[in-house]
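Here's the structure we're looking at; comments come further down.
Chains as they are written, first to last, in the numbering used here: chain Y, 17 to 364; chain R, 17 to 364.
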């Protein structure tokens with residue numbers, strides 16, 4: 017049994033793989049020696065600058081893991097929820113699910129001439145991001161519904177996996193799987209190293225987000241909450257399949273999020289990480305219980321290395337939630353002040 | 017680190033507690049020494065007689081856990097799904113959720129005089145089980161909706177927990193929490209000891225079944241699939257709460273079950289355990305993939321120690337699924353032949 021899984025010395029290790037590996041190794045160590053937290057020590061947080069934000073994170077974890085302390089939380093109840101777009105990965109020019117949907121629409125457009133004059137397809141074909149943002153999650157799910165229905169869940173997975181292997185964020189000049197923020201990958205590892213289970217919450221297609229979450233953050237499929245599409249069960253000679261239907265249950269956005277969280281896990285999270293007004297209720301839910309908790313908002317202030325936006329943004333508007341953060345004592349992570357690096361280094 | 021967690025020598029140990037304990041201890045052992053399976057050995061299955069049924073179960077587990085073997089399945093994909101009523105616990109005179117709903121209706125009847133002439137309340141007040149069975153899961157969820165709405169999820173949990181502490185199955189003369197079948201508790205421990213995650217699937221109220229599954233089988237809340245009630249999120253001065261609404265999404269019954277399973281876990285189970293026609297599609301789904309799998313049906317043949325019923329039963333009818341079992345190669349566990357004990361011994 018390894019005594020010191022530690023953190024690789026070089027900060028440019030491929031995180032998507034390493035975090036997945038850590039997830040496999042860490043539970044064994046922390047179940048048999050709860051409290052021993054080499055890989056879960058604050059030294060994991062290299063890309064976070066010292067200061068009130070990092071201190072608040074480290075103190076929170078210390079409080080809930082100190083056995084016998086007033087704020088101790090047993091491992092099964094150490095649940096953290098993360099929004100995707102803008103929190104764990106960039107949402108500009110658009111989030112990863114919308115990028116997938118746009119490519120699907122483009123690939124299938126020749127077979128659907130009517131799309132040229134019908135929303136949200138017209139805006140999708142024109143890559144009119146402002147118009148798409150205005151149509152919200154319903155618009156992007158409509159694109160997914162039109163381009164990914166009538167196929168089995170296995171066929172859909174294959175389609176998403178192939179796409180993720182190649183798809184690139186052109187503005188950031190890197191593959192989507194290389195886009196997750198380094199400080200947030202470190203935070204996931206730090207929390208998991210301290211017995212937390214980390215969930216991804218998105219308004220996007222549940223099946224898509226599960227594959228993304230596995231590749232990008234090493235999350236299990238049952239650690240993802242999203243909008244499930246309805247399905248039809250079919251028994252065939254060769255076996256049985258689930259066929260995707262072009263209808264979604266919206267469980268991941270705004271005021272229905274707390275209910276979606278309860279439905280998926282049956283427990284109230286004690287830590288929530290968001291970046292936009294659509295994360296407001298998730299933060300209110302996680303920080304509305306009686307025990308020790310933390311709410312944190314990523315504030316996109318880094319126009320040099322990423323993007324700078326808040327109260328007037330088309331995607332990821334942060335306005336009400338920023339005011340609520342100040343009133344509610346949530347931590348605000350300023351990307352310029354609190355992070356010394358945004359991304360992993362990649363070979364272009 | 018204990019080398020031999022083993023099985024308590026005395027078979028009358030309180031299973032509800034011990035299985036929960038095993039769940040905590042076993043993962044640590046099996047993650048660090050996968051393949052070493054003292055507590056997961058077939059010796060766990062004391063209440064199962066030797067014969068083709070037990071052999072089929074043990075061989076299946078051996079096949080999927082033999083590293084390098086043609087049927088090896090990694091631990092993360094070792095998923096077993098269990099129906100509740102009739103499979104893990106008796107469903108006569110009625111399942112545990114309906115028993116709860118009946119008591120709630122009785123307790124609140126004085127405030128609702130109109131219930132005396134309105135279905136399904138009239139049948140509930142008259143304890144007319146045949147009429148209630150005919151109204152199916154919708155009837156029983158209607159009783160839960162009428163008696164458990166407008167309260168917070170925390171208040172509901174409290175109500176269920178108090179009820180479970182005292183409620184008794186009069187026909188079996190024991191508390192409901194003492195009703196789970198001993199051989200099935202052993203099977204849960206055997207599977208978990210071999211790296212499986214065991215899920216409960218029910219058409220009943222998700223929140224109710226989660227509390228039941230924790231008490232009865234040591235399952236985590238996210239290992240339960242059921243019918244979630246819709247909820248309203250409220251922010252109060254004292255914190256935030258989820259209020260139960262009198263509407264349910266039916267995700268746990270019949271043909272929608274496979275979709276409900278996918279929605280909850282995002283993986284196809286490789287083992288399914290049922291006892292009635294309502295479990296048919298769950299069995300078809302779990303046994304309809306390409307790898308090694310097992311489907312098993314509990315056949316209620318033991319009228320002396322439990323109840324005897326199948327093709328014409330009002331609750332838990334087993335007709336189509338019994339025919340499908342023979343055609344599909346599913347294992348049929350005959351309660352008289354395959355089990356040497358049905359229940360744990362309890363102080364009355």
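We treat Cβ as the ideally placed atom computed from N, Cα and C, and that holds for glycine.
Values in this document were obtained by computation on a predicted structure and should not be read as measured data.
Query, Result
"Would you say residue 256/Y reaches chain R, if we count a Cβ-Cβ gap shorter than 8 Å as a contact?", "yes"
"How many whole angstroms separate the CB atoms of residue 112/Y and residue 219/Y, which I take to be in contact at a CB cut-off of 8 Å?", "Rounded, the Cβ-Cβ distance is 13 Å, inconsistent with contact."
"Give the straight-line distance between the Cα atoms of residue 29/Y and residue 79/Y, rounded to the nearest whole angstrom.", "Residue confidence for residue 29/Y is low, a pLDDT of 39 falling below 50, so the modelled location carries little weight; the figure read from the coordinates is stated next. Going by the C-alpha atoms only, they are around 30 Å apart."
"Identify whether residue 218/Y lies in helix, strand or coil by the three-state DSSP scheme.", "strand"
"Measuring only the C-alpha atoms, how far is residue 170/Y from residue 275/R?", "13 Å"
"Out of 223/Y, 109/Y, 270/Y, state which residue places its alpha-carbon closest to the alpha-carbon of residue 145/Y.", "109/Y"
"Could you check how far apart the C-beta atoms of residue 193/R and residue 180/R are, in whole angstroms? I think they sit under 8 Å.", "6 Å"
"Please classify residue 254/R: does DSSP put it in a helix, a strand, or coil?", "coil"
"Does DSSP classify residue 353/R as helix, strand or coil?", "helix"
"So, with DSSP's three-state summary, where would you put residue 138/R?", "helix"
"What do you reckon, is the C-beta of residue 227/Y under 7 Å from a heavy atom of the ligand ZN?", "Within the structure as shown, the ligand ZN is missing, as the structure has no ligands at all."
"Taking Cβ-Cβ distances shorter than 9 Å, what residues in chain R pair up with residue 247/Y?", "272, 274, 275, 278, 279"
"Are any of the Cβ atoms in chain Y nearer than 8 Å to that of residue 221/R?", "no"
"Just tell me which of 182/R, 231/R, 188/R has its CA closest to the CA of residue 201/R.", "231/R"
"Tell me, please, whether the CB atom of residue 168/R is closer than 8 Å to any CB atom in chain Y?", "no"
"Residues in the same chain with beta-carbon distance under 8 Å from residue 87/Y, minus the five sequence neighbours each way, listed in chain order, please.", "79, 80, 307, 308"
"On the DSSP bridge assignment, give the partners of residue 64/R in chain order.", "355/R"
"By DSSP's criteria, residue 185/Y is part of a beta bridge. Which residues make up the other side?", "190/Y"
"Put residue 312/R into one of helix, strand or coil per three-state DSSP.", "strand"
"Using 8 Å as the limit for Cβ to Cβ distance, is residue 92/R near chain Y?", "yes"
"List the endpoints of the continuous beta strand (DSSP E) containing residue 95/Y.", "95-99"
"Where does residue 178/R land, buried or exposed, given buried means 16+ other C-beta within 10 angstroms?", "exposed"
"Check whether the Cβ of residue 301/R lies closer than 8 Å to any Cβ atom in chain Y.", "yes"
"Are the C-beta of residue 285/Y and some C-beta of chain R separated by less than 8 Å?", "no"
"Is residue 282/Y close to chain R? Criterion is C-beta to C-beta, closer than 8 Å.", "yes"
"In whole angstroms, what separates the C-alpha of residue 340/Y from that of residue 345/R?", "59 Å"
"Quick one: Cα of residue 278/Y to Cα of residue 174/R, how far?", "16 Å"
"Under 6 Å Cβ to Cβ from residue 310/Y, same chain only, skipping five residues before and after it: list those, please.", "76, 287"
"Any beta carbon from chain R within less than 8 Å of residue 191/Y's own beta carbon?", "no"
"When you compare only the Cα positions, how much space is there between residue 199/Y and residue 63/Y?", "5 Å"
"Pull up the CB-CB distance for residue 197/R and residue 358/R, whole angstroms please, since I reckon it's below 8 Å.", "6 Å"
"With contact counted as at least three CB pairs below 8 Å, one residue from each stretch, are the stretch 125-144 of chain R and the stretch 91-105 of chain R in contact?", "no"
"Alpha carbon to alpha carbon, how far is residue 147/Y from residue 187/Y? Give it in angstroms, no decimals.", "19 Å"
"Looking only at its chain, what residues have a beta carbon closer than 6 Å to the beta carbon of residue 301/Y, apart from the 5 residues adjacent to it on each side?", "274"
"Which chain R residues are close to residue 244/Y, counting only those with a beta carbon under 7 Å from its beta carbon?", "279"
"Classify residue 197/Y as helix, strand or coil using the three-state DSSP reduction.", "coil"
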